[in-house]
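J.:
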Amino acid sequence: MAGPEREVESYLLRLNGRAWGVACGLLFGLGLFAATNFLLIVGGPNVGQHLNLLSVYFPGYAVTFVGSLIGFVYAFVVGYATGRIVSGVYNLAARTR
Amino acid sequence: MQRTIVERDLAELPRELRLAFAPLDKRAFGIAVGAWAGLAILGVTVYHLLLDRWLLENVAYLANAKYSGDTLWLLAQYFRGYDPTTLTGALIGGLWGLWTGFVTGWFVAFARNLVVAGWLFAIRTREQLAANREFLDHI
Numbered sequence: 004m005a006g007p008e009r010e011v012e013s014y015l016l017r018l019n020g021r022a023w024g025v026a027c028g029l030l031f032g033l034g035l036f037a038a039t040n041f042l043l044i045v046g047g048p049n050v051g052q053h054l055n056l057l058s059v060y061f062p063g064y065a066v067t068f069v070g071s072l073i074g075f076v077y078a079f080v081v082g083y084a085t086g087r088i089v090s091g092v093y094n095l096a097a098r099t100r
Numbered sequence: 006m007q008r009t010i011v012e013r014d015l016a017e018l019p020r021e022l023r024l025a026f027a028p029l030d031k032r033a034f035g036i037a038v039g040a041w042a043g044l045a046i047l048g049v050t051v052y053h054l055l056l057d058r059w060l061l062e063n064v065a066y067l068a069n070a071k072y073s074g075d076t077l078w079l080l081a082q083y084f085r086g087y088d089p090t091t092l093t094g095a096l097i098g099g100l101w102g103l104w105t106g107f108v109t110g111w112f113v114a115f116a117r118n119l120v121v122a123g124w125l126f127a128i129r130t131r132e133q134l135a136a137n138r139e140f141l142d143h144i
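Top line first, the protein sequences correspond to chains A and B.
The first sequence lines up with residues 4 to 100 when you count with my numbering.
The second sequence lines up with residues 6 to 144 when you count with my numbering.
(1) Which residue from B/Leu47, B/Leu103, B/Ala122 and B/Asp88 puts its Cα closest to that of B/Ala27?
(2) Given this structure, state the Cα-to-Cα distance separating B/Leu134 from B/Gly110, to the nearest angstrom.
(3) Given that a residue counts as buried once 16 or more other Cβ atoms are within 10 Å of its Cβ, and exposed if not, what is B/Ala65?
(4) Rounding to the nearest angstrom, what Cα-Cα distance links B/Leu125 and B/Gln82 in this structure?
(5) Express the C-alpha separation of A/Val76 and B/Ala33 in angstroms, rounding to a whole number.
(6) With 16 other CB atoms within 10 Å as the buried threshold, where does A/Val89 fall?
(7) Between A/Gly34 and B/Ile36, what straight-line distance do the alpha-carbon atoms span, to the nearest angstrom?
(8) Kindly list the residues whose CB is nearer than 6 angstroms to the CB of B/Gly99, restricted to its own chain and excluding five residues on each side of it in sequence; keep chain order.
(9) When the Cβ atoms of the region 80–97 of chain A are set against those of the region 18–37 of chain A, are three or more pairs found closer than 8 angstroms?
(10) Could you have a look at B/Gln82 and say whether DSSP puts it in helix, strand or coil?
(11) Between which two residues does the alpha helix (DSSP H) carrying B/Gly91 extend?
(12) When you check each C-beta in the region 59–73 of chain B against every C-beta of chain A, which residues fall closer than 9 angstroms?
(13) Is the distance from the Cβ of B/Ala114 to the Cβ of B/Leu56 below 8 angstroms?
(14) If you run the structure through DSSP and keep just helix, strand and coil, what is B/Asp142?
(15) Classify B/Tyr87 as helix, strand or coil using the three-state DSSP reduction.
(16) Would you mind telling me which residues of chain A sit closer than 7 angstroms to B/Thr76, beta carbon to beta carbon, in chain order?
(17) Check the Cβ-Cβ distances between A/Ala96 and every residue of chain B, and say whether any is below 8 angstroms.
(18) Closest to A/Pro62 by CA distance: which of A/Val50, A/Ala78, A/Gly47 and A/Gln52 is it?
(19) Less than 8 angstroms separating the beta-carbons of B/Thr130 and B/Ala95?
(20) Under 8 angstroms by Cβ, that's how I've got A/Gly82 and A/Phe31 pegged, so tell me the actual separation to the nearest angstrom.
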């Protein structure tokens, strides 16, 4: 493959790290926020029995409204790191193909 | 090198649109997701190994647990050899994560490329049909 064509292809194959970070961050963050509040709205005798276990990894998180906001921040950070790792490793692997 | 239908279709598009329709590299995406999954399982297991005592003392939901990472045992149902209580088990879990992540990532990229290719084909076919709509009027 010719040089400029190869350059275009490698450019096309690149993922934007920040965009992937923000996208994954919002996906994770809003996912946890929605899951927590869904359980709160549904209610029941033992609300969030399993979701509460996330407090092992996210100190301060709980199945409450305030906890869902704290969880959003934590999950956003984890999601951002996920997006950055996936896009970074992808770009590296696609370049060395 | 023989170009695929998708590559030929892409070559006809303006540069900005080519970016939107460019296929994902399946192998690279598999490696990327695999690396993340492997690191996640390894990291979570090591986190429990290092902070077990502190977690048992400070997290209310672990009051009756013998080991802070008890729930991680569920992974051993799928990942043979995985053990959340040892470093070797954590490494085995990391390798399992790498493999399952690779398969997942490869398949996601494949499915995404398939949908994009089908979408391009549909757009092109629709445009070709629209261009030939008045064909019979000329006979």
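No residue lacks a Cβ here, since even glycine has one placed at the ideal position from N, Cα and C.
No experiment lies behind these values; they were computed from the predicted model shown.
T.: Looking at the coordinates:
(1) B/Ala122
(2) 36 angstroms
(3) exposed
(4) 42 angstroms
(5) 29 angstroms
(6) buried
(7) 25 angstroms
(8) Gly43, Ile46 and Leu47
(9) yes
(10) helix
(11) Reading off the sequence, residue 91 of chain B comes out as Thr, not Gly. Neither: B/Thr91 is in no alpha helix (DSSP H) and is coded neither H nor E.
(12) Leu60, Asn63, Val64, Ala65, Tyr66, Leu67 and Ser73
(13) no
(14) helix
(15) coil
(16) Leu56
(17) yes
(18) A/Ala78
(19) no
(20) 3 angstroms
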